[in-house]
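Student: Quick one: the structure is below, questions incoming.
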């Protein structure tokens, strides 16, 4: 694969027509401030919790690239923040932060050549060395996984609202 392929995939998953259905931005666009923080059942995360988690992973990947390019890293939030913490940020800001995190990855890799894919980074807490291609594949897999999870969560929320009405 080429680095442009990864940039195009991230752009497609988040903004373009997909064979699997809605892209990420379409999926979260119609969610209200109120609904974003509801857990459809206690064992499942809310839409806001999932988006907050995705932001954290994207920032982690951005920081890996920034370390490599000797750029200023950005603050790393916890991977799973509570609804209460996320409510202080607000749903509108979470959506904006998610979009900024995806666009930052696309911009960071957009003008790089394919040799970057073979360069490596070290996972501090895993003590493993991986090529940047692994991180980019991971972002794509992670986004697709949570796109599906959001689809199920949103369907359950709609079903729950219909039964309450």
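Numbering (the UniProt record's numbering), first residue to last: 1 to 165.
Glycine is no exception: its CB is placed at the ideal position from the N, C-alpha and C atoms.
Candidates 118, 61, 158, 125: which alpha carbon is nearest residue 143's?
Tutor: Answer by Cα proximity: 61.
Student: Tell me whether residue 32 sits in a helix, a strand or coil according to DSSP, three-state version.
Tutor: Here residue 32 sits in coil by DSSP.
Student: Check this for me: beta carbons of residue 3 and residue 97, under 7 angstroms apart or not?
Tutor: Cβ atoms of residue 3 and residue 97: not closer than 7 angstroms.
Student: Beta-carbon within less than 7 angstroms of residue 48's beta-carbon, same chain only, minus the 5 sequence neighbours each way: which residues are those?
Tutor: So the list reads 36, 37, 83, 86, 91, 94, once near-sequence residues are dropped.
Student: Hey, out of 59, 77, 100, 34, whose CA is closest to residue 25's CA?
Tutor: Selected option, being the one with the closest Cα: 100.
Student: In the structure shown, what three-state DSSP assignment does residue 140 receive?
Tutor: Looking at residue 140 - three-state DSSP - the assignment turns out to be helix.
Student: Please state whether DSSP places residue 118 in a helix, a strand or coil.
Tutor: Helix.
Student: Comparing alpha-carbon positions, which option in 160, 103, 89 lies nearest residue 14?
Tutor: Of the candidates 160, 103, 89, the one whose C-alpha sits nearest the C-alpha of residue 14 is 103.
Student: Quick one: complete beta strand (DSSP E) runs, 3+ long, within the segment 56-125?
Tutor: Taking only runs of at least 3 residues, the beta strand (DSSP E) segments lying wholly in the segment 56-125 are 120-123.
Student: With 16 other CB atoms within 10 Å as the buried threshold, where does residue 58 fall?
Tutor: When all chains shown are included, residue 58 counts as buried.
Student: Can you name the start and end residues of the alpha helix (DSSP H) that residue 166 belongs to?
Tutor: Because the chain in this structure spans residues 1 to 165, residue 166 falls outside the shown range and cannot be described.
Student: Please state the DSSP three-state secondary structure of residue 20.
Tutor: Residue 20 falls in the coil class under three-state DSSP.
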